[in-house]
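**Q**
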Amino acid sequence: GIHKCLQAVRLRKLSGLSVAPAVKNLESATANAPDVLVVGAGVIGCSTAYHLSLRGLSVLVLDTRGVAAAQSSKSWGFCRQQGRDSRELELMAECMRRWVQLEDELGFSVGWQTCGNLALCDHPKRWEQFKKWIPLAQESGIGTELVNGSDLSKLLPKLEGDWLGGVWTETDGSADPESATRAFARAAELRGAQFRLFAPSVDSLVVQGPRVMGVRLSTGEVINAGCTVVAAGAWSSDLLRPVLRLPQLRVRATAARTERLTDLGSDYAGFPNIGVWAPRCSFRLRVDGTMTIADGGYAEEAEFEANAVRYGYQYLPGYVQSPVKVNPVHDITHTRDPNPNPRRIDQAAATFHKMFPSLPELRIKEVWAGHIDLTPDMVPVIDVGGELPEGLVVSTGYSGHGLGIAPGAGRLSADMVQSGKRPHEAEVFRACRFNEKVFFKPESVF
Numbered sequence: 047g048i049h050k051c052l053q054a055v056r057l058r059k060l061s062g063l064s065v066a067p068a069v070k071n072l073e074s075a076t077a078n079a080p081d082v083l084v085v086g087a088g089v090i091g092c093s094t095a096y097h098l099s100l101r102g103l104s105v106l107v108l109d110t111r112g113v114a115a116a117q118s119s120k121s122w123g124f125c126r127q128q129g130r131d132s133r134e135l136e137l138m139a140e141c142m143r144r145w146v147q148l149e150d151e152l153g154f155s156v157g158w159q160t161c162g163n164l165a166l167c168d169h170p171k172r173w174e175q176f177k178k179w180i181p182l183a184q185e186s187g188i189g190t191e192l193v194n195g196s197d198l199s200k201l202l203p204k205l206e207g208d209w210l211g212g213v214w215t216e217t218d219g220s221a222d223p224e225s226a227t228r229a230f231a232r233a234a235e236l237r238g239a240q241f242r243l244f245a246p247s248v249d250s251l252v253v254q255g256p257r258v259m260g261v262r263l264s265t266g267e268v269i270n271a272g273c274t275v276v277a278a279g280a281w282s283s284d285l286l287r288p289v290l291r292l293p294q295l296r297v298r299a300t301a302a303r304t305e306r307l308t309d310l311g312s313d314y315a316g317f318p319n320i321g322v323w324a325p326r327c328s329f330r331l332r333v334d335g336t337m338t339i340a341d342g343g344y345a346e347e348a349e350f351e352a353n354a355v356r357y358g359y360q361y362l363p364g365y366v367q368s369p370v371k372v373n374p375v376h377d378i379t380h381t382r383d384p385n386p387n388p389r390r391i392d393q394a395a396a397t398f399h400k401m402f403p404s405l406p407e408l409r410i411k412e413v414w415a416g417h418i419d420l421t422p423d424m425v426p427v428i429d430v431g432g433e434l435p436e437g438l439v440v441s442t443g444y445s446g447h448g449l450g451i452a453p454g455a456g457r458l459s460a461d462m463v464q465s466g467k468r469p470h471e472a473e474v475f476r477a478c479r480f481n482e483k484v485f486f487k488p489e490s491v492f
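Sequential numbering from 47 applies to the sequence shown in this note's numbering.
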């Protein structure tokens, strides 16, 4: 009921733990080949490394930048079951159970807050989509309910506008993406994992017969390993192309952080600590009192590149449902983030002001962008065996949802490394599904 909702709104976990320190960087190759080479030091790669190190395997994490340097530190921070594709719900339920105690497990702050998630709706067609998702949530044991009228006003007292209502999930929450990734990395390091950061870019996989033996860097250096995990985010499809056809687009996502809300005026005192996803505006409060804000994915921008031509047709149903702007001059490099689009933040801030006209206008402290690794159905690829070469595990394509699912995805990826086989729970994440039909329409609600 709404009373439980309000209790969740008030719950804000401040652990008192510190953010994990930086891991030690190996500037050259290790003497012995590791049991596992993880390509990518984002949240998925670091979670995988942590779960592998728990099992006593020697792990080397390789990245051409730093820990959480790319999209993993640019995430909006939502950790939600709400609105997800049904194929992700079982794994996501595992993750939500772990998020609430993850700081105790890792020993470092992840910025976790059990604050709930509210998706607002102002259009009848969208409202029907929301209502259709509720039975799926109930079947999966997710405490989600439709709210409107006075219940909606209790959740967001100063909200104005013509809203049909919203979907409220009190057990969802948020985390600080960079802190969480650093926590996984440091916890892995404390259990023996090593990190080689700011390395030359990975040029290719090294394949001998039916097996991946490691990777070759742009300098020609070869790094061998017993098993290679490709968790390279938006770069994964390029690296895997000789051995796997993986449709994946780079979508440039822009977000921002505001100044501390209470510094903008006393009217912000007591502003509800809820993750909110509304048309043209999404936001969440951070533990430092600032707010992360974006346009809710309203004006996503796909980079025009070879993959857009090669795989774009498989995304057509999704484009019809949610049009995506194509950037004719792409902004792709290993050495820095893509340039943000500040107009998207201006629009999001303007929408926020329309939603809360009695509050002072927001002031933006920082704007950034990163590349989301988008698959045609917006569901990740977590796979081993099948059409893949031996000695290779793929964990990519999280389509902007990687932070929330990272604890479970890392565990599942580590399972695959150990067994070399695709478990039943991973059938829904198999890579070959994209060869089984031509077009794909995302089933997630948002």
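For each residue, glycine too, the CB sits at the ideal point set by N, CA and C.
Under 8 Å Cβ to Cβ from Val193, same chain only, skipping five residues before and after it: list those, please.
**A** Hits under 8 Å: Ile48, Cys51, Leu164, Leu201, Gly211, Gly212, Val213, Trp214.
**Q** Hey, could you find the ends of the alpha helix (DSSP H) Trp173 is sitting in?
**A** Here the alpha helix (DSSP H) through Trp173 covers 170 to 185.
**Q** Which residue from Val427, Leu103, Pro435 puts its Cα closest to that of Leu134?
**A** Inspection of the sequence shows that residue 134 is occupied by Glu rather than by Leu. Cα-wise, what sits closest to Glu134 is Val427.
**Q** Compare the beta carbon distance of Cys125 and Asp208 with 9 Å and say whether it is the shorter of the two.
**A** Not a contact, by the Cβ cut-off of 9 Å.
**Q** Gln240 bridges to which residues according to DSSP?
**A** According to DSSP, which records beta bridges pairwise, Gln240 is partnered with Leu106.
**Q** Does the pairing of the region 295 to 303 with the region 410 to 423 give three or more beta-carbon distances under 8 Å?
**A** Contact between the region 295 to 303 and the region 410 to 423 is present, because at least three Cβ pairs lie under 8 Å.
**Q** Apply the 10 Å Cβ neighbour rule to Lys120 and answer buried if 16 or more other Cβ atoms are within range, or exposed otherwise.
**A** Its Cβ being crowded by 16 or more others within 10 Å, Lys120 is buried.
**Q** Quick check: Val491 and Gly466, are their CB atoms within less than 9 Å of each other?
**A** Going by C-beta atoms, Val491 is not nearer than 9 Å to Gly466.
**Q** Would you list the one or two residues that DSSP bridges to Gly281?
**A** According to the sequence displayed, residue 281 carries Trp and not Gly. Paired residues: none, contrary to the question.
**Q** I need the straight-line Cα distance from Gly437 to Ala75, nearest angstrom please.
**A** If you take the alpha carbons of Gly437 and Ala75, they lie about 20 Å apart.
**Q** Measure the CB-CB distance between Val248 and Arg237 and report whether it falls below 9 Å.
**A** Cβ distance not < 9 Å, so Val248 and Arg237 don't count as in contact.
**Q** Whole angstroms is fine: what's the gap from Arg479's alpha carbon to Gln294's?
**A** Arg479 and Gln294: Cα-Cα distance of roughly 13 Å.
**Q** What's the call for His97, buried or exposed, on a 16-neighbour Cβ count within 10 Å?
**A** By the 10 Å Cβ count, His97 comes out buried.
**Q** Could you tell me which residues DSSP pairs with Ile90 in its beta bridges?
**A** DSSP lists no partner for Ile90.
**Q** Could you say which of Val89, Val84, Asn71 lies nearest to Pro453 if we only look at CA atoms?
**A** Residue Val89 is the option with its Cα nearest to Pro453.
**Q** Spell out the partners DSSP gives Cys273 in its beta bridges.
**A** DSSP output for Cys273 lists Val82 as bridge partner(s).
**Q** If I measure Cβ to Cβ from Arg306 and keep anything under 6 Å in the same chain, skipping five residues before and after, which residues do I get?
**A** Contacts found: Gly335, Thr336.
**Q** Quick check: the region 275 to 292 against the region 77 to 87, are at least 3 beta-carbon pairs closer than 8 Å?
**A** With a cut-off of 8 Å, the region 275 to 292 and the region 77 to 87 count as touching, because enough Cβ pairs lie within range.
**Q** Please report the distance separating the alpha-carbon of Glu174 from that of Ala239.
**A** Straight-line Cα distance between these residues: approximately 48 Å.
**Q** Could you give the C-beta distance for Cys92 and Ala234, rounded to a whole number, given that I count them as a contact under 8 Å?
**A** With a Cβ gap of about 6 Å, Cys92 and Ala234 count as contacting.
**Q** For the alpha helix (DSSP H) containing Gln367, list its first residue and its last residue.
**A** 362 to 367 is the span of the alpha helix (DSSP H), which, as asked, contains Gln367.
**Q** Just reading off the alpha helix (DSSP H) that Trp145 is part of, what are its end residues?
**A** From DSSP, the alpha helix (DSSP H) with Trp145 extends over 135 to 145.
**Q** Please report the straight-line C-alpha distance between Ser99 and Leu148, rounded to a whole angstrom.
**A** Taking the straight line from one Cα to the other gives about 16 Å.
**Q** Using CA atoms only, rank isn't needed, just tell me which of Ala66, Pro469, Glu73, Ser445 is closest to Trp281.
**A** Nearest option by C-alpha distance: Ser445.
**Q** Can you grab the Cα-Cα spacing for the pair Pro374 / Ile391, in whole Å?
**A** Distance between the alpha carbons of Pro374 and Ile391 is about 21 Å.
**Q** Residues in the same chain with beta-carbon distance under 7 Å from Arg232, minus the five sequence neighbours each way, listed in chain order, please.
**A** Around Arg232: Ala66, Pro67, Val69, Phe154.
**Q** Taking the runs of the alpha helix (DSSP H) that are 4 residues or longer, which of them lie wholly in the region 306 to 360?
**A** The region 306 to 360 contains these whole alpha helix (DSSP H) runs: 307 to 310, 352 to 357.
**Q** Roughly how many angstroms lie between the CA atoms of Ile451 and Ala324, to the nearest whole one?
**A** Rounded to the nearest angstrom, the two C-alpha atoms are 22 Å apart.
**Q** To the nearest angstrom, report how far apart Leu152 and Leu137 are at their CA atoms.
**A** Rounded to whole angstroms, Leu152 to Leu137 spans 20 Å at the Cα level.
**Q** Of the choices Arg468, Ala460, Val372, Glu191, whose alpha-carbon is the least far from that of Ser104?
**A** Of Arg468, Ala460, Val372, Glu191, the residue nearest in Cα terms is Ala460.
**Q** I need the straight-line Cα distance from Ser283 to Ser196, nearest angstrom please.
**A** Using only the alpha carbons, I get a separation of about 48 Å.
**Q** By Cβ distance below 6 Å, which residues in the same chain neighbour Cys273 in space, the five residues on each side in sequence not counted?
**A** If we look at Cys273 and ignore the five residues flanking it on each side, its Cβ neighbours are Val82, Gly437, Val463.
**Q** Would you tell me roughly how many angstroms separate the C-alpha atoms of Cys161 and Ala115, rounded to the nearest one?
**A** Taking the straight line from one Cα to the other gives about 26 Å.
**Q** Tell me the residue span of the beta strand (DSSP E) that contains Val427.
**A** It spans 427 to 430 - the beta strand (DSSP E) in which Val427 sits, taken as one unbroken run.
**Q** Taking the alpha-carbon positions, what's the Leu449 to Pro406 distance?
**A** Computed Cα separation, rounded: 31 Å.
**Q** Run through DSSP, which three-state label would Cys161 get?
**A** Coil at Cys161, not helix or strand.
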